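Visitor: Take the sequence shown: its letter number 124 is residue 119 in this note's numbering, and every next letter is one higher. Pasting a structure below so you can have a look.
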Amino acid sequence: GILIFELLVGSPPFSSSEPQKIYAKILDGVLKYPRYLSEAAKSIISKLCRPRPGQRLGNTKNGIKDVRHHRWFSSLNWHKLRMGQLDAPTVRLVRKGPCYINFDQFPQDHSKAEEEFSGWDRDF
């Protein structure tokens, strides 16, 4: 539920500058949704983010089947997904040129890694 929220909204559903406040918001289970989210999206997010784990979608009698059959996934062909036959929803165009042209440039790091001699891996 948290991941779906973040992917659709671009920020986490429970946030604060203080970890204890985040925890309290999670326990309260109150989510504020942007207007543009569909009812199906709100439904699956709220069902996956229930404060009590035993009440969450996918964590009840029918298990993962409840998640797969939720209306938010109604247009997803699960069989084609498993078979690797679905087209990607977004395909980025690759510009012509060297293979690295589509990536950000960073200065090269010439520093050497410190050698580690604590022996933590002696028994491997």
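Don't be surprised by glycine CBs; every beta carbon is placed ideally from N, CA and C. In this text the structure is predicted, and so the values were computed from the model without any measurement.
Please report the straight-line C-alpha distance between V25 and I59, rounded to a whole angstrom.
Guide: One C-alpha to the other measures close to 24 Å.
Visitor: Report buried or exposed for L43, applying the criterion of at least 16 other Cβ atoms within 10 angstroms of its Cβ.
Guide: L43 is buried by the Cβ-count criterion.
Visitor: Compare the Cα-Cα distances from L88 to each of F98, A108, Q80 and report the closest residue.
Guide: Checking every option, the nearest Cα to that of L88 belongs to F98.
Visitor: Which of the three DSSP states, helix, strand or coil, is assigned to S10?
Guide: Coil at S10, not helix or strand.
Visitor: Please check the pair W73 and A35, which I expect to be a contact at CB under 8 Å, by giving their CB distance rounded to whole angstroms.
Guide: With a Cβ gap of about 16 Å, W73 and A35 do not count as contacting.
Visitor: Could you check how far apart the C-beta atoms of P125 and L71 are, in whole angstroms? I think they sit under 8 Å.
Guide: Absent from the structure is residue 125, since the part of the chain shown begins at -4 and ends at 119.
Visitor: Within 10 angstroms of its Cβ, does F9 collect 16 or more other Cβ (buried), or is it exposed?
Guide: Flag for F9 reads buried.
Visitor: With a Cβ-Cβ cutoff of 8 Å, do K20 and S11 count as a contact?
Guide: Result yes, Cβ atoms of K20 and S11 sit closer than 8 Å.
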